[in-house]
Amino acid sequence: MRNTIKALALAGAAMITMPAAAQDAAVSKAVAADYDAHLEELFVHFHENPELSFLETDTAKRMAAELRAAGAEVTEGVGRTGVVGIMKNGEGPLILLRADMDGLPVEEKTGLPYASDATQTGRDGKEYPVMHACGHDVHITSMVGTARRLAAMKDQWKGTAMFVVQPAEEVVGGAEAMMEDGLYEKFGKPDYALAFHVTSLLPTGVLSASEGIQYSSSDSVDIMVPGIGAHGAAPHMGRDPVYIASQIVTALQSIVSREIMPLSPGVITVGSFHAGSKHNIISDRADLQLTVRSNDEETRAQLLDAIERVAVNVGRAHGLPEDKLPVVTRIEGTPVTHNDPELAKRLNAVMVENFGTEGFMPFQQTTMGAEDFAYFVGRDTGVPGYYFAVGGTPPEVFEAAKNGGAPVPSHHSPLFQIAPRPSVTLGTEAMVVAVLELAPAG
């Protein structure tokens, strides 16, 4: 898989040396000028001041101010910390443009001159370092650029742009919270919904989008494994939750390898295992934290059901009493994100027309990343969605990695970094191009 990613990246890097003759030069020039005059400072501000999920109060205030300055009518506090800006421009379709704004509890180690040294008290009361380790600073900066450009180009499009500044994507809770807060009831049901994600796995200057599945589902699951405490020298007098939980970790992998149909992808990763306090004490509890991924809702349900069955019955097999069996809790989750096939085919063609074949790479799923944009465009909403990727790593970085240099840092890494100028400007241009296609003035 890693080789596939590198091959795609290097292929893209080679392609972008060609001129993109079809690109809209006027939009590109205007966006570049706006980056120099305003967006660069804004990106640095966001990168230096990240905030955790559902705690993005300062980021939300700045985004509200920026959207108001661009000419949108702004409502704050939607879905807790979310912001919605409405820009009306005559009769035409309602187009939702979404950007997520939360950072991650990661200590930045990039060495960039604008690296974050921010800390914040999380919702659990603990203090965390905070970093934009997934590129959300690019997304919100590009949203501001898009709003400013659309305001300056009102003679070229007609309709309404709904700018949705979403909280808490990293815990896949913000989109659902905004929908539960009546996003579509308060502001209207969109005719189309658009979003993008900058990615370190593609070179700068390259776009990519699927005509079907774009992201996998994701569920966070906790398993609390009770035990019966005892002295470490007398294990027969208790029930060791560390050993039982270890058996659960091993048994969970049989679900994917022996229960899920081989052609249906699935992932069960145990990302956290905590138990005990001292060398010679058998604890009375162990805690596991899992992430679960799939590409369809049937497999998703099968995985979640099997996790509970396996955990509970491993506990039984090791002699835990019925009132002390493992407890499985689903904490948060998001469905599979699908691009609307017709809309994606239409907009992919427009991207190729504007940015050239060298600037658009056919989509290939190489990881099981997830996105809660699915809540805005799920089949129950009837809203066609288009989610695309914007390359964020300079081609020379891929070339250096190929020749034995440092590997390209992944998302959520303390070394994660995106080239801001080409990422912000391309994301902005692509959003503007999509709106002009879907809501033409003529």
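In numbering that gives the first Met the number 0, the protein residues as written are 0 to 441. Yeah, the Cβ is synthetic: ideal placement off N, Cα and C, and Gly gets one too.
Paired residues, beta bridge with residue i - DSSP
i, result
"M177", "In the DSSP output, where bridge partners are listed per residue, M177 has none listed."
"Y214", "T336"
"Q119", "Y127"
"I417", "Partner(s): none; I417 has no beta bridge."
"I330", "According to DSSP, which records beta bridges pairwise, I330 is partnered with nothing at all."
"M223", "D286, V326"
"Y374", "Its beta-bridge partners do not exist; DSSP assigns none."
"I281", "A229"
"Y385", "L193"
"P439", "W156"
"T444", "With the chain covering only 0 through 441, there is no way to say anything about residue 444."
"S209", "Answer by DSSP bridge pairing: none, since S209 is not bridged."
"L103", "M130"
"A369", "S215"
Buried versus exposed call for residue i [16 or more other C-beta atoms within 10 Å across all chains shown]
i, result
"E50", "buried"
"V423", "buried"
"M430", "buried"
"E341", "exposed"
"A25", "exposed"
"G358", "buried"
"E175", "buried"
"T203", "buried"
"V143", "buried"
"P112", "exposed"
"P394", "buried"
"L425", "buried"
"G391", "buried"
"S215", "buried"
"E107", "buried"
"M360", "buried"
"A20", "Confidence at A20 is low in this model, with a pLDDT of 42, below 50, so its placement is unreliable and the value that follows should be read with caution. Exposed."
"A132", "buried"
"E169", "buried"
"P439", "exposed"
"E55", "buried"
"G441", "exposed"
"A160", "buried"
"I243", "buried"
"A8", "Caution is warranted here: a pLDDT of 43 is assigned to A8, below 50, making its placement in the model unreliable, and the coordinate value is therefore given only provisionally. Buried is the call here."
"P189", "buried"
"N353", "buried"
Inter-residue CB distance, residue i and residue j (contact presumed, cutoff 8 Å)
i, j, result
"V224", "L289", "Incorrect: roughly 12 Å between the Cβ atoms, too far for contact."
"G134", "V205", "Not a contact, Cβ separation roughly 15 Å."
"R315", "L324", "7 Å"
"L193", "L93", "That pair is no contact at about 12 Å."
"A167", "F53", "5 Å"
"S199", "A369", "That pair is no contact at about 17 Å."
"I222", "V327", "5 Å"
"A300", "F162", "The pair is not a contact, with the Cβ atoms about 34 Å apart (cut-off 8 Å)."
"T145", "T427", "5 Å"
"L319", "R238", "6 Å"
Element boundaries [alpha helix (DSSP H), containing residue i]
i, result
"F312", "With the sequence shown as reference, residue 312 is identified as Asn, and Phe is not the correct amino acid for it. Its alpha helix (DSSP H) spans residues 296-316."
"V43", "39-47"
"D136", "135-151"
"Y183", "182-186"
"T380", "Where T380 is concerned, there is no enclosing alpha helix (DSSP H), given that its DSSP letter is neither H nor E."
"E65", "56-69"
Extent of the continuous beta strand (DSSP E) to which residue i belongs
i, result
"T74", "72-77"
"L95", "93-99"
"Q246", "Note, Q246: premise wrong, no beta strand (DSSP E); alpha helix (DSSP H) at 240-257."
"T159", "158-165"
"M86", "81-88"
"F359", "Counting along the chain, F359 falls outside any beta strand (DSSP E), and DSSP gives it neither H nor E."
"H273", "265-274"
"Y34", "Unbroken run through Y34: none, as it is neither H nor E."
"H196", "191-202"
"D286", "284-293"
Residue i CB to nearest heavy atom of the ligand FMN below 7 Å
i, result
"L302", "With respect to the ligand FMN, the structure offers nothing, as it holds no ligand at all."
Cβ pair count under 8 Å reaching 3, the stretch 56-65 against the stretch 406-416: no
Can you confirm whether the stretch 332-352 touches the stretch 205-216 when touching is taken to mean that 3 or more C-beta pairs between the two stretches lie within less than 8 Å? yes
At a cut of 8 Å, does the stretch 139-157 reach the stretch 430-440 through at least three beta carbon pairs? yes
Taking contact to mean at least 3 C-beta pairs separated by less than 8 Å, is the stretch 138-145 in contact with the stretch 36-50? yes
Segment contact flag, the stretch 223-238 with the stretch 272-284, C-beta cutoff 8 Å, min 3 pairs: yes
Check whether the stretch 304-312 touches the stretch 254-268, counting contact only when three or more Cβ pairs, one atom from each stretch, lie closer than 8 Å. Between the stretch 304-312 and the stretch 254-268 there are three or more C-beta pairs closer than 8 Å, enough to call the two in contact.
With three or more beta-carbon pairs closer than 8 Å as the criterion, would you say the stretch 66-74 touches the stretch 83-93? Short answer: they touch.
Are the stretch 375-388 and the stretch 342-355 in contact at 8 Å, needing three or more beta carbon pairs? yes
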